[in-house]
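Chemist:
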Amino acid sequence: MNLDASAGRSSRRAFLASVAGVAAGGLTATAGCLGRAGSTPTVSILAAGSLQRALTTEFEPPDGTRVEVEAHGSARVARMVADGQRDPDIVALADPTLFDAPLSVPWYATFANNALVLAHNPQTDGGTRVADATSWPDALLDDAVSLGRTDPDLDPLGYRTRFALALAADYYDRRALTDDLLRRDQIYPETQLLAQFDAGGVDAAFVYRSMAVERDYPYLELPAAINLSDPEHASAYETASYTLPDGVTVRGGPIRYAATRRTDTAAAESVFEALVGTAGDLLEPSGFTVRESHPHYFGDVPPTA
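Position in the sequence shown (from 1) plus 2 gives the number in the numbering used here.
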């Protein structure tokens with residue numbers, strides 16, 4: 003796929019923001035089929051789980067439209083669309099490489115960034131050890147401290163946790179960070195990980211900064227060489243990789259969120275432009291980063307995008 007960035011996209015941010023408008027009515031989260039309701043055009047968004055809260059509580063769709071959101075891990079989302087299980091108007095993922103495989107889309111736009119942090123649980127003794135430790139690797143390697151993580155086969159947070167641990171093993175020269183921690187079987191779907199964290203079932207977890215901010219979890223910032231946020235470390239991030247069950251190999255890189263529009267209706271166009279054009283106002287208060295270059299378009303972008 004040709005991934006030449008369209009020229010002059012950054013200058014369109016003001017225009018996209020003006021298109022977004024403000025609207026009455028909100029978003030309805032749904033776990034089933036997404037469709038149209040009444041006479042108001044309904045736009046379906048199948049999204050990364052880490053975008054769910056912002057899309058369902060903060061996003062204001064353009065006037066005269068209604069939005070329905072279904073959220074899962076991005077790798078699962080991509081497979082659901084590729085296998086024909088879902089047919090959404092808009093797909094928003096936490097890793098744009100999934101738009102190449104298992105999906106194959108003609109274009110997409112990146113619109114936000116994130117970072118990994120180490121959340122620690124103030125309700126547990128193990129979480130307190132992580133918070134008070136001089137060295138968080140030492141705290142995590144204590145068998146009395148439990149580290150929860152998400153399933154790398156279902157979502158990018160899971161394989162990015164593996165990437166961060168591999169990078170940390172090199173950064174701190176502690177091979178046990180991968181050899182020991184990855185053998186511990188505390189892997190959950192994203193929503194279950196958060197439920198375990200809230201209930202005190204795990205002491206610490208690698209999560210996106212936005213997840214910690216949205217839920218008011220205390221967390222430790224990680225060095226830029228580890229947290230997958232800094233483009234200057236992109237070549238080092240790429241040394242880490244993971245192969246998904248369908249044979250697709252994903253590599254480390256700065257965390258990026260991207261979306262594509264799959265239908266050409268006026269309602270879908272206006273919702274997409276509102277999402278990518280006002281991402282700063284929508285996502286930055288929740289701990290995401292939205293750079294001035296966003297939205298940044300790749301591929302065979304339609305004239306209306």
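Idealized CB from N, CA, C, for every residue including glycine.
(1) For the ligand SAH, any of its heavy atoms closer than 7 Å to the Cβ of D182?
(2) How about L156 and L183: do their beta carbons lie closer than 8 Å?
(3) So for S41, helix, strand or coil by DSSP?
(4) Tell me which residue opens and which closes the alpha helix (DSSP H) that S243 is part of.
(5) Around the Cβ of Q54, are there at least 16 other Cβ atoms within 10 angstroms (buried) or fewer (exposed)?
(6) What three-state label does DSSP hand Y239 in the structure shown?
(7) Count the other C-beta atoms from every protein chain shown that fall within 10 angstroms of the C-beta of G254, then say buried if there are 16 or more, exposed otherwise.
(8) Taking only runs that begin and end inside the region 94-130, name each unbroken beta strand (DSSP E) of 3 or more residues, in chain order.
(9) So G279 is in the beta strand (DSSP E); what residue range does that whole segment cover?
(10) Name the DSSP bridge partner or partners of E223?
(11) Compute the Euclidean distance between the alpha carbons of R162 and T280, then round it to the nearest angstrom.
(12) Where do the ends of the alpha helix (DSSP H) carrying V252 lie?
(13) Drop a sphere of 10 angstroms on the beta-carbon of R177, count the other beta-carbons inside from all chains shown, and report buried for 16 or more, exposed for fewer.
(14) Kindly indicate which residue of P247, A80 and V147 has the alpha-carbon position closest to the one of F199.
(15) Residue range of the beta strand (DSSP E) that Y210 falls in?
(16) For T59, does the three-state DSSP call read helix, strand or coil?
(17) Between the alpha carbons of L118 and L105, how many angstroms are there, rounded?
(18) What is the DSSP secondary structure of F290, counted as helix, strand or coil?
(19) Would G282 pass as a contact of R211 if the rule is Cβ separation under 8 Å?
(20) So for S46, helix, strand or coil by DSSP?
(21) Measuring CA to CA, which of N115, T58, P90 and D134 is closest to S46?
Modeler: Well, looking at it:
(1) Among the components modelled here there is no ligand, and therefore nothing to report on the ligand SAH.
(2) For L156 and L183, no; Cβs fall outside 8 Å.
(3) coil
(4) Taken as a continuous stretch (DSSP letters only), S243 belongs to no alpha helix (DSSP H), being part of the beta strand (DSSP E) at S243 to T245.
(5) buried
(6) helix
(7) Label assigned to G254: buried.
(8) 109-115 and 118-122
(9) That residue, G279, is in no beta strand (DSSP E); its alpha helix (DSSP H) goes A268 to G279.
(10) V119
(11) When rounded, the separation of the alpha-carbon atoms in R162 and T280 is 26 Å.
(12) Per DSSP, V252 belongs to no alpha helix (DSSP H); it is in the beta strand (DSSP E), T251 to R253.
(13) exposed
(14) Distance check between F199 and each of P247, A80 and V147 places V147 closest, using alpha-carbon atoms only.
(15) Run containing Y210: A206 to Y210, per the beta strand (DSSP E) assignment.
(16) helix
(17) 25 Å
(18) Three-state result, F290: coil.
(19) no
(20) strand
(21) P90
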